[in-house]
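2 protein chains.
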Amino acid sequence: MRYTIKSRIWIEADGHILLGEGRISLLKAIGQTGSLSKAAKSLNMSYKKAWSLIDAVNARAKTPVITTSIGGKGGGGAELTDYGKSLINAFETINKNCWKFLDKQIAETQL
Amino acid sequence: MRYTIKSRIWIEADGHILLGEGRISLLKAIGQTGSLSKAAKSLNMSYKKAWSLIDAVNARAKTPVITTSIGGKGGGGAELTDYGKSLINAFETINKNCWKFLDKQIAETQL
DNA sequence: AGTCGTTATATTTACAAAGATATAACGCTT
DNA sequence: AAGCGTTATATCTTTGTAAATATAACGACT
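As you go down the protein sequences, you meet chains A and B in turn. With the numbering used here applied, the first sequence corresponds to residues 9 to 119, in that order. With the numbering used here applied, the second sequence corresponds to residues 9 to 119, in that order.
What follows is the structure, given as structure tokens:
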């Protein structure tokens with residue numbers, strides 16, 4: 009039996025959480041579906057929770073990560089801003105690097 | 009305003025959590041106090057919770073991390089095994105390295 | 001004008017995790 | 001043998017978080 013090492017990372021702004029794994033997958037789902045409600049459904053998350061998460065992210069980010077519209081064709085929608093996309097990319101890159109780093113660390117240790 | 013990046017790591021054995029930051033600080037408190045109940049008190053944690061945590065760790069670790077005695081001088085007590093000490097050391101080293109690594113990663117990114 | 005699917009928000013309900021409480025067993029010490 | 005402080009464990013209560021429910025506003029389209 010071997011030990012494995014796991015991690016969760018998150019980005020903070022001003023002492024408050026900005027982005028973690030859950031918010032990242034929500035943002036990605038919004039990018040794919042073009043809608044906050046569809047994104048929530050695809051993640052088996054309530055609309056309210058999804059909305060609250062996005063609201064918190066927009067409040068802390070230097071620039072909003074999504075834009076929304078109410079009414080009109082399809083009832084409205086949401087889409088990622090360029091800044092949102094770059095945040096996703098940065099987060100995922102760092103996260104993968106972190107996993108690799110930790111795997112190396114645990115391999116160098118014998119317990 | 010700058011973004012900061014934070015992390016939590018934990019060690020798993022057999023798909024179940026073995027050690028995280030909370031359990032590590034409990035183990036350290038046991039090493040310092042020589043008693044599970046004193047350790048719990050020093051961390052403002054109920055005895056029951058502390059005992060459950062330690063029980064879970066001992067169940068998953070390759071070798072017990074503490075030894076306990078009931079009755080006798082002082083009513084009994086608990087102390088770290090050598091294996092427990094080495095687990096603490098390994099965890100804390102890897103954790104610090106992880107923090108440094110992530111700080112470097114976020115510094116290389118502009119968001 | 002009415003329908004539709006969406007965003008936005010408040011309020012209530014349910015549940016799981018945490019905490020509090022109680023009790024037994026143990027073996028030095030006095 | 002009685003007391004003490006500890007480990008070990010079960011049961012009940014609380015509480016904080018998540019989920020469910022309800023409602024309003026909006027604008028394109030038919």
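The beta-carbon is built from N, C-alpha and C at its ideal position, and this holds for glycine as well.
Between B/Leu61 and the rest of its own chain, which residues show a CB-CB distance below 8 Å, the 5 nearest in sequence each way excluded?
Counting only Cβ-Cβ distances below 8 Å, and skipping sequence neighbours, we find Gly30, Arg31 and Leu34.
What is the DSSP secondary structure of B/Ala86, reduced to helix, strand or coil?
Correct three-state label for B/Ala86: strand.
So, helix, strand or coil for A/Lys108, using DSSP?
Helix at A/Lys108.
For a cutoff of 9 Å on Cβ pairs, would you count A/Trp59 as touching chain B?
Chain B contact via Cβ: absent.
In whole angstroms, what separates the C-alpha of A/Gln113 from that of B/Lys14?
So the two alpha carbons sit approximately 18 Å from each other.
Just reading off the beta strand (DSSP E) that B/Thr75 is part of, what are its end residues?
Note, B/Thr75: beta strand (DSSP E), Ile74 to Ile78.
So, helix, strand or coil for A/Ala64, using DSSP?
Helix.
Select from A/Tyr11, A/Leu26 and A/Lys46 the residue whose C-alpha is nearest the C-alpha of A/Gly92.
Of A/Tyr11, A/Leu26 and A/Lys46, the residue nearest in Cα terms is A/Leu26.
What span of residues does the alpha helix (DSSP H) with A/Arg136 cover, start to end?
The first residue shown for chain A is 9 and the last is 119, placing residue 136 of chain A beyond what the model contains.
Keeping to the same chain, check which residues put their C-beta closer than 8 Å to that of B/Tyr11; ignore five residues upstream and five downstream.
Ile114 and Leu119, listed in sequence order.
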